[in-house]
Structures are given as structure tokens and as C-alpha cells.
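Reviewing the structure listed below.
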Amino acid sequence: MTTPPHGLRERKKQATREALREAALRLAVEYGPDQVRVEDIAEAAGVSPRTYNNYFSSREQAIVAAITADRETRIAAAVAARPARVRLADAVTEAVVKHYTNTGEREHEALLLMTTRTALRDAFLDATADIEPPLTAVIAERLGDAGPHTARVLAASVAVAVRIALEGWLQLTGNAGAAGNFRAGGLVVPSGSLSDQLHAALSPLAPAFDVAERHTQP
């Protein structure tokens, strides 16, 4: 039997991942996350539970993957696409804000669903760590001789800052007294701007980005 080319094999894996995460979100919205089993998601995607476990460790992880939809890769690509004359701190901030705030009706519905389940909220916050690897590669390319450790520290700092911003946006019920907040199942989504939260969390990193860029200049 002929082994498929590497590219084809990777495309099949990506297609399976997409089918699983789409099935997970669809079933969660239709029946509620607590009523969805890994077996249900696997069946809906046309694969075995064993195959499911090769891609996701829980149903929450699969649901969140549908919400984020390779966001970390798109953020890195957006930074890489900016010309060198654009300040790196600005390029990173703009990419993060754009890809976390430009959500459609489907993503908004999923986020509201997430506010009712602590496990989904935690998985969503944990997913910010996925920003680090692709962003490290892009920053390292931009900084050149500044060294991989600098790029990784900066990328990891961005991931932490994004998590902090999201934690500020997805607040616990204790803060639900403010007018305009959405309340559901013990968690709330503040009516405040996620864009503002992201800008505030990322702004302290700008001096570190600036120093790293200056070290690359002749």
C-alpha cells in the first residue's frame, strides 16, 4: 500500500481536526455541553473515539478549538505580513486585537455558551498558551540575531497578557451587579470592551519589544 505524501497526510489530519471541533460545537449548542459525550462527537465526525483522543483530550478542548479556529496561526501570519517599518509591538497588538474581537454571530453564540460552564471557560483561557509557538517563530524571524530566547520570552509574555485580558473580560458572578452585564449560570461576560482589555494588558510589553528591536539595528 502506498503511503500518502506528507502534504496529503497533513491535510487529512487537519480535515479530521476540523470535523471534530465543528461537531463538538454543533452538538454542544444543540444539546448543551453536559449532554455531549466524546463518543457522540466522534460519531458525528465519522471517526472512532480512539481517533478523537489523538486530537483532543476532552470535549471542552474540542469545543474551544471550534471557537478559536486556529486563531494563534492567524495572529502569527498577520504579524509576519506587516512590513518591517511597522513597530513590532504595534504589529503584535493589532494582530491580537483583530483576531480576538472580530467575531461573527456563530462565535458570539459559542462564547455565550461558554459563560455557563466553568470547564469551558478554563479551557478557553488555557488555549491562549497556543499563541506562543507560532508567534515565537515570527518574532525570531523579525529580530534575527537577537536570539531565540528573546523571541520566546516575548511571545510567552503576549500569551500571558492575552489570558489576563480574557480573565478580566470573563468575570465571576461576584461582579455581576454592574449594569449591562450578561449573567448566566454563575458566570458573566462584562459589557466592557475586550479590545480595551487587550490593549491594556499588552501595553506594558511594548518597551521590551522596542528594546529587542533596537538591538537588531546596525
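Letter by letter, the sequence shown follows residues 1 to 218 of the numbering used here. Quick reminder that beta carbons are idealized off the backbone N, C-alpha and C, glycines included. If you're wondering where the values come from, they're calculated on a predicted model, not measured in any experiment.
Burial state of residue i (16 or more Cβ within 10 Å)
i: L172; result: Caution is warranted here: a pLDDT of 49 is assigned to L172, below 50, making its placement in the model unreliable, and the coordinate value is therefore given only provisionally. Burial call: exposed.
i: L187; result: Unreliable placement is indicated for L187, whose pLDDT of 48 sits below 50; the coordinate value is still reported in the next sentence. It is buried - the Cβ of L187 has at least 16 other Cβ atoms within 10 Å.
i: E39; result: exposed
i: Q35; result: exposed
i: Q197; result: buried
i: E72; result: buried
i: L112; result: exposed
i: T115; result: buried
i: R117; result: buried
i: A15; result: exposed
i: A178; result: With a pLDDT of 40 at A178, under the threshold of 50, the modelled position of that residue is not reliable, and the figure given next carries that caveat. When all chains shown are included, A178 counts as exposed.
i: P207; result: exposed
i: K13; result: exposed
i: M1; result: Residue confidence for M1 is low, a pLDDT of 40 falling below 50, so the modelled location carries little weight and cannot support an answer.
i: G185; result: Because the pLDDT of G185 is 46, which lies under 50, any placement of that residue in the model is unreliable, and the question is left without a value.
Within-8 Å CB hit, residue i to chain C
i: A212; result: The structure shown contains no chain C, having only a single protein chain.
Among the options, the one whose alpha carbon lies nearest that of residue i
i: S157; options: T101, L120, P204; result: P204
i: P123; options: R163, E30, R26; result: One point to set straight first is that residue 123 is Ala, not Pro, in the sequence displayed. Taking only the C-alpha atoms, the option nearest A123 is R163.
i: A200; options: K12, A165, P207, V79; result: A165
i: T128; options: K12, A212, A161; result: A161
i: A24; options: I75, W169, L120; result: L120
i: L125; options: N102, T68, A208; result: T68
i: F209; options: G168, H99, A91; result: A91
i: E22; options: A110, R214, R11; result: A110
i: E213; options: E141, K98, E167; result: E141
i: P133; options: K98, D70, S48; result: D70
Cβ distance (whole Å) where residue i is taken to contact residue j below 8 Å
i: L154; j: T216; result: 13 Å between Cβ atoms; not a contact.
i: V96; j: L202; result: 7 Å
i: R17; j: P33; result: Not really, about 19 Å apart at Cβ, beyond 8 Å.
i: L20; j: F56; result: 7 Å
i: L135; j: I75; result: 7 Å
i: I159; j: I139; result: One point to set straight first is that residue 159 is Ala, not Ile, in the sequence displayed. The pair is not a contact, with the Cβ atoms about 12 Å apart (cut-off 8 Å).
i: T101; j: L194; result: 5 Å
Quiz item: Do the region 83-103 and the region 29-48 meet, that is, are 3 or more Cβ pairs less than 8 Å apart?
Solution: no
Quiz item: Does the region 140-150 come close enough to the region 51-68 that 3 or more CB-CB pairs lie under 8 Å?
Solution: no
Quiz item: Do three or more CB pairs link the region 72-81 to the region 46-59 at distances below 8 Å?
Solution: Taking a contact to require three or more Cβ pairs closer than 8 Å, the region 72-81 and the region 46-59 do not qualify as touching.
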